[in-house]
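> There's a structure below that I have some questions on.
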Amino acid sequence: MSTILIVEDEAKIARFVELELKHEGYEVLKETDGRNGLETALQQEIDLMLLDVMLPGLNGLEVLRRFRLQKPDTPVILLTARDAVMDKVSGLDAGADDYVTKPFAIEELLARIRTALKRKGSRETQTNRLSVGRVTLDVDRHEVTVDGTSVELTNHEFELLRVLMENKNIVMDRARLIERVCGYDYIGETNVIDVYVRYLRVKIDDRFGIKLIQTVRGVGYVIRDNA
Ligand code: CA
């Protein structure tokens with residue numbers, strides 16, 4: 008069952024939407040100002056937020072902006088006033104998934120909620136994740152973990168690891184790695200890849216006791232399945 012948070016200061020609207028959502032089988036949480044709304048949104052496990060824009064305390068767009076910093080994937084549907092074109096634009100820019108203009112038909116709101124939840128579901132099952140042995144690289148989150156422990160990498164180290172993991176079992180020569188990691192117009196040192204490999208080995212191999220990136224003498228590097 009999905010949990011929906013309603014952040015809306017107009018009691019009549021909030022109550023009406025709450026009843027309809029419960030009738031549809033959703034769990035419902037309710038807040039009436041921006042500050043409490045943000046707190047509940049971050050602390051509770053919610054599947055979707057219905058967020059009024061004109062709120063006391065902290066306005067809806069600010070709530071959205073702060074919420075997105077910590078929860079990039081939870082769908083948010085904005086409730087906007089009829090003429091507030093700017094709210095819609097800034098809302099979508101700030102990471103809202105959709106908006107509904109007040110006054111709205113409840114069927115329209117329910118349909119948009121179903122669509123947003125479905126989209127979230129399909130996003131979660133197709134996360135952009137690469138895995139080799141104990142090492143997992145999440146492209147969307149820009150995160151590398153070994154046995155679930157997070158590893159801090161610079162952008163170049165991350166890119167190098169990503170290219171090698173995407174091309175698992177294929178030996179990648181230095182020229183191609185430079186192109187992919189540093190860009191086509193790179194004109195710096197040619198041993199730059201060896202330097203990044205050395206850093207990766209310190210941060211991953213040495214720390215976790217694995218042999219992830221293998222050197223192919225005179226050619227380049229490879230990550231094999233059996234790392
Ligand atoms: Ca309001």
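What the sequence shown shows, in my numbering, is residues 8 to 234, in sequence order. A virtual CB, placed ideally from N, CA and C, is assigned to each residue, including glycine.
If you draw a straight line from the alpha carbon of R205 to that of R73, how long is it in whole angstroms?
Translated into positions along the sequence shown, residue 205 becomes position 198. Translated into positions along the sequence shown, residue 73 becomes position 66. Their Cα atoms are separated by approximately 37 angstroms.
> Take every Cβ of the segment 181 to 200, pair it with every Cβ of the segment 142 to 160, and state whether three or more of those distances are shorter than 8 angstroms.
Not touching, per the Cβ criterion.
> Looking at T108: is its Cβ nearer than 9 angstroms to the Cβ of G98?
Start at 1 with the first residue of the sequence shown, and residue 108 comes out as number 101. Start at 1 with the first residue of the sequence shown, and residue 98 comes out as number 91. Not closer than 9 angstroms, so no.
> Looking at the secondary structure, which residues open and close the beta strand (DSSP E) in which K95 lies?
Locating residue 95 in the sequence shown gives position 88, where the first residue counts as 1. Unbroken run through K95 is the alpha helix (DSSP H), V92 to D100; no beta strand (DSSP E).
> Does Y203 pass the burial test, meaning 16 or more other C-beta atoms within 10 Å, or should it be called exposed?
Your numbering for residue 203 matches position 196 in the sequence shown. Classification of Y203: buried, given that the 10 Å Cβ count is 16 or more.
> Going straight from the alpha carbon of I211 to that of E164, what length do you get?
The residue you call residue 211 lines up with position 204 of the sequence shown. The residue you call residue 164 lines up with position 157 of the sequence shown. In a straight line, the C-alpha of I211 is about 11 angstroms away from that of E164.
> Return the CA-CA distance between I230 and D100, expressed in angstroms with no decimal places.
Taking the sequence shown and counting its residues from 1, one reaches residue 230 at position 223. Taking the sequence shown and counting its residues from 1, one reaches residue 100 at position 93. Roughly 39 angstroms separates the two Cα atoms.
> In the DSSP assignment, the beta strand (DSSP E) including Q221 goes from what residue to what residue?
If you number the sequence shown from 1, residue 221 lands on position 214. Segment I220 to V223, the beta strand (DSSP E) holding Q221.
> Please tell me whether Y106 and D90 are closer than 9 angstroms, where the distance is taken between their beta carbons.
For the purposes of this step, residue 106 is identified with residue 99 of the sequence shown, where counting begins at 1. For the purposes of this step, residue 90 is identified with residue 83 of the sequence shown, where counting begins at 1. Contact: no.
> Tell me whether E38 is buried or exposed, calling it buried when 16 or more other Cβ atoms sit within 10 Å of its Cβ.
Along the sequence shown, read from residue 1 onward, the residue named residue 38 stands at position 31. Classification of E38: buried, given that the 10 Å Cβ count is 16 or more.
> For G67, which of K78, D201 and D16 has the nearest alpha-carbon?
Residue 67 sits at position 60 when you count from the first residue of the sequence shown. Of the candidates K78, D201 and D16, the one whose C-alpha sits nearest the C-alpha of G67 is D16.
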